[in-house]
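Enquirer: Got a structure here, written out as structure tokens. Questions coming.
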Amino acid sequence: YDAWLKGPHGPLSNEAGAVRASCVDCHLDHENVVSYLESKVKASIKDVYGHFFKKEEISKLDFWLEKLDPKKAKKYTYEKNCIRCHENLPDNAMHEKYKKGEIKDTCLDCHWYVGHGFYFEDYLKEYFHKKAVKVNHSK
1225 YDAWLKGPHG
1235 PLSNEAGAVR
1245 ASCVDCHLDH
1255 ENVVSYLESK
1265 VKASIKDVYG
1275 HFFKKEEISK
1285 LDFWLEKLDP
1295 KKAKKYTYEK
1305 NCIRCHENLP
1315 DNAMHEKYKK
1325 GEIKDTCLDC
1335 HWYVGHGFYF
1345 EDYLKEYFHK
1355 KAVKVNHSK
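Structure representation (structure tokens):
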């Protein structure tokens, strides 16, 4: 959450003209009401399942770090949401190739950092380090 706050789409971003986005703007399907509700229900069930049955797995740093890989991040975000908010892409060679369908890359392949910021990995490592220190001190 802290990384998102200061990231390009967060409210504390210093980037001029940055588009503000909340979690659901990227992580839920906005094509229509049915797809939105379906993706919301799926995400909710997955979260509840993870909380009760995958607690040990989701409590490890590696579980979260692997989601930073753009190929895996695509499972948790919808490229059409990027396009919905960024209809008018800045003119540059890669965006022109993207618009013409000349490249297979997605928005996340180049802009992997926008959702949670450049320092999300650092925040995760710091969080899990503090958590480990806290556990060791309580013994």
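The opening position of the sequence shown corresponds to residue 1225 in this note's numbering, with each subsequent residue numbered one higher. Cβ atoms here follow ideal geometry from the backbone N, Cα and C, with glycine treated the same way.
Using alpha carbons as the reference points, say which of K1304, K1323 and W1288 lies closest to H1251.
Expert: If we check each option's Cα against that of H1251, K1304 comes out closest.
Enquirer: Tell me whether H1275 is buried or exposed, calling it buried when 16 or more other Cβ atoms sit within 10 Å of its Cβ.
Expert: The residue in question, H1275, is exposed, as its Cβ has fewer than 16 Cβ neighbours within 10 Å.
Enquirer: What are the boundary residues of the alpha helix (DSSP H) that includes A1297?
Expert: P1294 to A1297
Enquirer: Which first and last residues belong to the alpha helix (DSSP H) in which F1287 is found?
Expert: Element bounds for F1287: L1285 to L1289.
Enquirer: Mark V1338 as exposed unless 16 or more other C-beta atoms lie within 10 angstroms of its C-beta, in which case mark it buried.
Expert: buried
Enquirer: Just the Cα atoms here: how many angstroms apart are R1244 and H1335?
Expert: 15 Å
Enquirer: Just to check my reading of the structure: K1323 and L1313 have Cβ atoms closer than 8 Å, yes? What is that Cβ distance to the nearest angstrom?
Expert: 7 Å
Enquirer: How long is the line joining the alpha carbons of L1348 and W1288, rounded to whole angstroms?
Expert: 8 Å
Enquirer: Classify H1340: buried if its beta carbon has 16 or more other beta carbons within 10 angstroms, exposed otherwise.
Expert: buried
Enquirer: Buried or exposed: where does C1247 fall if 16 or more other Cβ atoms within 10 Å of its Cβ makes it buried?
Expert: When all chains shown are included, C1247 counts as exposed.
Enquirer: Could you give the uninterrupted runs of the beta strand (DSSP E) lying entirely in the region 1245-1286, keeping only those of 3 residues or more?
Expert: none
Enquirer: So, helix, strand or coil for I1307, using DSSP?
Expert: helix
Enquirer: For H1254 and V1357, I'd like the C-alpha separation in whole angstroms.
Expert: Between H1254 and V1357, the C-alpha separation is close to 41 Å.
Enquirer: Using the three-state DSSP reduction, which class does F1342 fall into: helix, strand or coil?
Expert: In the structure shown, F1342 sits in coil (DSSP, three-state: anything other than H, G, I, E or B).
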